[in-house]
Amino acid sequence: MRKNGFFAMLGRMKHITRWGLMRNTMRESLSEHSFDTAVIAHALAVIGREEYGRDVDPGQIAAAALFHDASEILTGDMPTPVKYNNPDIQNAFHSVERAARERLLAMLPPALRPPYRTLFAFDAERPEFYAYIKAADKISAYTKCLEEQRSGNREFDQAARQLYETILSMHLPEADYFMEKFVPGFGLTLDELQAEEH
391 MRKNGFFAML GRMKHITRWG LMRNTMRESL SEHSFDTAVI AHALAVIGRE
441 EYGRDVDPGQ IAAAALFHDA SEILTGDMPT PVKYNNPDIQ NAFHSVERAA
491 RERLLAMLPP ALRPPYRTLF AFDAERPEFY AYIKAADKIS AYTKCLEEQR
541 SGNREFDQAA RQLYETILSM HLPEADYFME KFVPGFGLTL DELQAEEH
């Protein structure tokens, strides 16, 4: 019987470190970032459905968010200043990402590929909902910056400012809601978070 390495490859997300050009006080793996992004994307979809009456499936969005950076298992995490510095580099990297996704999908038995292809290509197949994942990705990065700043690491100051502006410029009410009501909690200590319950 042919061995399928798809899930074993996904398990390697925990070995890929983000923020490679930055001095980190806390290492963040691609696996941790994907989990955080999925939790936030799910929350944005729930907010969209419950607060703004959107016809959206939070579970599907959370699942797609789990895989939003899966191609980086094969490509690595390219630093943002490099990836977005030049349109030619950006286009070439997107082409490499697409090829990496296809390579990962080819590791699955053929019958299982279509559902995962949908998750891997959510940006193209469901662009109206991909905005939640894109916003969640930025919010996850922003909260990482806040955690680093709280640890006294000024290395993330500029990234925090840029990410904050990027999130606001999305004009996504669900993201604005999350930023206002939930992001301040990321600046609290454990004792302060527990005190909030009372």
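Residues 391 to 588 (the numbering used here) are what the sequence shown spells out, left to right. Glycine is no exception: its CB is placed at the ideal position from the N, C-alpha and C atoms. Quantities reported herein were computed from a predicted structural model and do not represent experimental measurements.
Exercise for the section: Note down, one range per segment and in chain order, each alpha helix (DSSP H) of at least 4 residues found wholly within the region 529 to 575. Expected result: The alpha helix (DSSP H) runs of length 4 or more contained entirely in the region 529 to 575 are, from start to end of the chain, 547 to 559, 563 to 571.
Practice task
Would you list the residues sitting across from Ser419 in a DSSP beta bridge?
Solution key: DSSP output for Ser419 lists Thr407 as bridge partner(s).
Practice task
Using three-state DSSP, classify Thr579 as helix, strand or coil.
Solution key: Note: Thr579 maps to coil in three-state DSSP.
Practice task
Specify, as a first and last residue, the run of the alpha helix (DSSP H) that Asp445 falls within.
Solution key: The continuous stretches of alpha helix (DSSP H) do not include Asp445, and DSSP gives it neither H nor E.
Exercise for the section: Just tell me which of Thr407, Ala549, Ile451 has its CA closest to the CA of Glu462. Expected result: Nearest option by C-alpha distance: Thr407.
Exercise for the section: Using a threshold of 8 Å, state whether the C-beta atoms of Glu545 and Met412 are closer than that. Expected result: Result yes, Cβ atoms of Glu545 and Met412 sit closer than 8 Å.
Exercise for the section: Given a cut-off of 8 Å, decide if Phe397 and Phe457 are closer than it, judged by their beta-carbon atoms. Expected result: With contacts defined by Cβ atoms closer than 8 Å, Phe457 and Phe397 do not form a contacting pair.
Practice task
Would you grab the beta carbon distance between His432 and Ala452 for me? Rounded to a whole angstrom, and I think it's under 8 Å.
Solution key: Under the criterion of beta carbons closer than 8 Å, His432 and Ala452 qualify as touching, at roughly 4 Å.
Practice task
Quick one: using the 10 Å Cβ neighbour count with 16 as the cut-off for buried, is Ser541 buried or exposed?
Solution key: Flag for Ser541 reads exposed.
Problem - Rounded straight-line distance, which links the Cα of Asn394 to that of Glu570 - result: Going from the Cα of Glu570 to the Cα of Asn394 covers about 44 Å.
Problem - Straight-line gap, Gly410 to Ser421 (C-alpha atoms, nearest Å) - result: Rounded to the nearest angstrom, the gap between the Cα atoms of Gly410 and Ser421 is 15 Å.
Practice task
Count the other CB atoms, across all protein chains shown, that sit within 10 Å of the CB of Arg491; report buried if there are 16 or more and exposed otherwise.
Solution key: Arg491 should be labelled buried.
Practice task
Starting from the Cα of Lys534, find the closest Cα among Ala514, Phe576, His561 and give me that residue.
Solution key: Closest by C-alpha distance to Lys534, out of Ala514, Phe576, His561, is Phe576.
Exercise for the section: Specify, as a first and last residue, the run of the alpha helix (DSSP H) that Leu509 falls within. Expected result: From DSSP, the alpha helix (DSSP H) with Leu509 extends over 503 to 510.
Exercise for the section: Measure from the alpha carbon of Ala455 to the alpha carbon of each residue in Ala526, Leu578, Phe572, then state which is nearest. Expected result: Checking every option, the nearest Cα to that of Ala455 belongs to Ala526.
Practice task
Note the first and the last residue of the continuous alpha helix (DSSP H) segment covering Ala398.
Solution key: The continuous alpha helix (DSSP H) containing Ala398 extends over residues 396 to 400.
Practice task
Within 10 angstroms of the Cβ of Leu494, are there 16 or more other Cβ atoms? Answer buried if so, exposed if not.
Solution key: Looking at its Cβ environment, which holds 16 or more other Cβ atoms inside 10 Å, Leu494 is buried.
Exercise for the section: Reducing DSSP to helix, strand and coil, say where Asp426 ends up. Expected result: Helix, per DSSP.
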